[in-house]
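When you line the sequence shown up against my numbering, it's residues 22 to 171, in that order.
For glycine and all other residues, C-beta sits at the position ideal for the given N, C-alpha and C.
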Amino acid sequence: MYHKVTIIGNLGGDPEMRYMQDGTPVTSFSVATNRKWKNSDGSPGEETVWFRVSAWRRLGEICNQYLSKGRQVYVEGRLTPDKATGGPRVWTANDGTPRASYEITALEVKFLSGGGPDSASPSGAPASSAGASAAPSAPAAPVEEDDIPF
């Protein structure tokens, strides 16, 4: 059996790369996804869901090199359940409210927005992990919101 998760959102902070004991690089970053709607009384509603993303090997190196806080990204991957519960990681925040963390192991990451004037990566440069050491493919044209298929 197989599952796939797709999210589009903005990085909540700069990525953090570390190395496993065997030397394998892994980069972690958080992505916020937003949903807005109108309530039945006409008032606006909004929801933000945070995902913690891990990108491994060459994909992790590319994400660490080109991503930065605020960048918009497309992430495709698989949910990584909490080993103790089989679901999201759940904890209580300092203010006493319950929180959950949704963990994704990235299989593909596409950079949708530019990282600012000093960005080394052209807008829209994709990164993929089709294999353990895949390099990014040629830069794509910038993606406009109207071009996103949903």
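Next on the checklist: Please report the distance separating the alpha-carbon of P102 from that of W77.
Outcome noted: 17 Å
Checklist entry - Does the distance from the CB of G66 to the CB of V52 come in under 8 Å? => result no
Checklist entry - alpha helix (DSSP H) containing Y23: first to last residue? => result Unbroken run through Y23: none, as it is neither H nor E.
Checklist entry - How do the segment 47-61 and the segment 102-120 stand: do at least 3 beta-carbon pairs fall below 8 Å, yes or no? => result no
Next on the checklist: Does Y87 pass the burial test, meaning 16 or more other C-beta atoms within 10 Å, or should it be called exposed?
Outcome noted: buried
Checklist entry - Do the segment 69-85 and the segment 23-43 meet, that is, are 3 or more Cβ pairs less than 8 Å apart? => result yes
Next on the checklist: Just verifying my parser: in three-state terms, what is the DSSP assignment at R92?
Outcome noted: coil
Checklist entry - Where R56 and G117 are concerned, what is the direct C-alpha to C-alpha distance, given to the nearest angstrom? => result 24 Å
Item to check | Where K104 falls, given that 16 or more other Cβ within 10 Å makes a residue buried | outcome: exposed
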